[in-house]
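In order, the protein sequence lines correspond to chains Y and L.
According to the working numbering, the first sequence is numbered sequentially starting from 6.
According to the working numbering, the second sequence is numbered sequentially starting from 191.
Glycine is no exception: its CB is placed at the ideal position from the N, C-alpha and C atoms.
Notes follow the structure.
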Amino acid sequence: EVLLQQSGAELVRPGSSVKISCKASGYTFTDYYMHWVKQRPEQGLVWIGRINPANGNTVYAEKFKSKATLTADKSSNTAYMQLSSLTSEDTATYFCTRSGRDSYAHKNWGQGVMVTVSS
Amino acid sequence: DIVMTQGVLPNPVPSGESASITCRSSKSLVYKDGKTYLNWFLQRPGQSPQLLTYWMSTRASGVSDRFSGSGSGTYFTLKISRVRAEDAGVYYCQQVREYPLTFGSGTKLEIK
């Protein structure tokens, strides 16, 4: 069974950074892309970017290029997203989701991590 | 960026009736391999999104055949036959034709 287990909720101060994780199991980690998606409270889904765990290649949406950094650790089958210079606009739930490299079908999703930015 | 525009449903939809959700893209989602790179998701309250269809009309594993995707290069429909209470939630279309990947704003389905 494919599982994407994300780290726990975070309460962080404005201006700080946070790193959240997504541990994959049940499949070959390097055979699929890992994407990250943002969802602000009561709002829609926004694609942040994706990483190819096989070689570390990343693609970001323009608005997240200076906000998010995606990495992947093949030894632990874990993907990470670091968010920097946090503001209230970054308060959201963040999902990891894997997709095939050819289909881009997001068949599996993590449970989401709620990040709250507050002083 | 490709803009995805979703329609609104006349909620609530009576249980057992059909519902059609529309989605329009600002650019054709047909790739040179002939496939149409359009995904549909359902997000139930408090849950992660669930993939329903990909390549416009291919149902994901385990998804009921009551869900069917169709369309052209820029206009798409997700039809839900014989709606049930469990179908309630927000439906999103997503284009995966090119980066950045983009979602529609969502269509809420309520069941009566």
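Partners in chain L for residue 41 of chain Y, counting only beta-carbon separations shorter than 9 Å
The premise fails here: residue 41 of chain Y is roughly 11 Å from chain L at the closest Cβ pair, so nothing lies under 9 Å.
Where residue 67 of chain Y meets chain L, residues with beta-carbon distance less than 9 Å:
191 and 290
Could you tell me which chain Y residues have their CB closer than 9 Å to the CB of residue 296 of chain L, listed as they occur along the chain?
48, 49 and 50
Can you give me the C-alpha to C-alpha distance between residue 224 of chain L and residue 245 of chain L, rounded to a whole angstrom?
10 Å
For residue 229 of chain L, return the contacting residues in chain Y, with the cut-off set at a CB-CB distance below 7 Å.
110 and 111
Alpha carbon to alpha carbon, what distance is there between residue 297 of chain L and residue 55 of chain Y?
25 Å
Work out the CA separation of residue 280 of chain L and residue 271 of chain L for me, nearest whole Å.
16 Å
If we define contact as Cβ-Cβ less than 8 Å, is residue 61 of chain Y a contact residue for chain L?
no
Interface flag, residue 282 of chain L vs chain Y, CB-CB below 8 Å
yes
The region 101–119 of chain Y contacting the region 229–243 of chain L, beta-carbon criterion three pairs below 8 Å
yes
Taking Cβ positions only, does residue 64 of chain Y come closer than 8 Å to chain L?
yes
Just list the residues that DSSP pairs residue 40 of chain Y with in beta bridges.
Y:55 and Y:102
Who are the neighbours of residue 100 of chain Y on chain L, taking C-beta pairs under 8 Å?
238 and 239
Enumerate, from N- to C-terminal direction, the unbroken alpha helix (DSSP H) stretches of 4 or more residues contained entirely within the region 48–95 of chain Y.
none
Please go through the same chain and pick out, in chain order, the residues whose beta-carbon is closer than 7 Å to the beta-carbon of residue 287 of chain L, but skip the five residues on each side of it.
192, 219, 221 and 227
Under 7 Å from the C-beta of residue 244 of chain L: neighbouring residues of chain Y
108 and 110
In terms of DSSP beta bridges, what is residue 261 of chain L paired with?
L:266
Within a Cβ cutoff of 6 Å, which residues of the same chain sit near residue 86 of chain Y, ignoring the five residues on either side of it in sequence?
25, 41, 73 and 75
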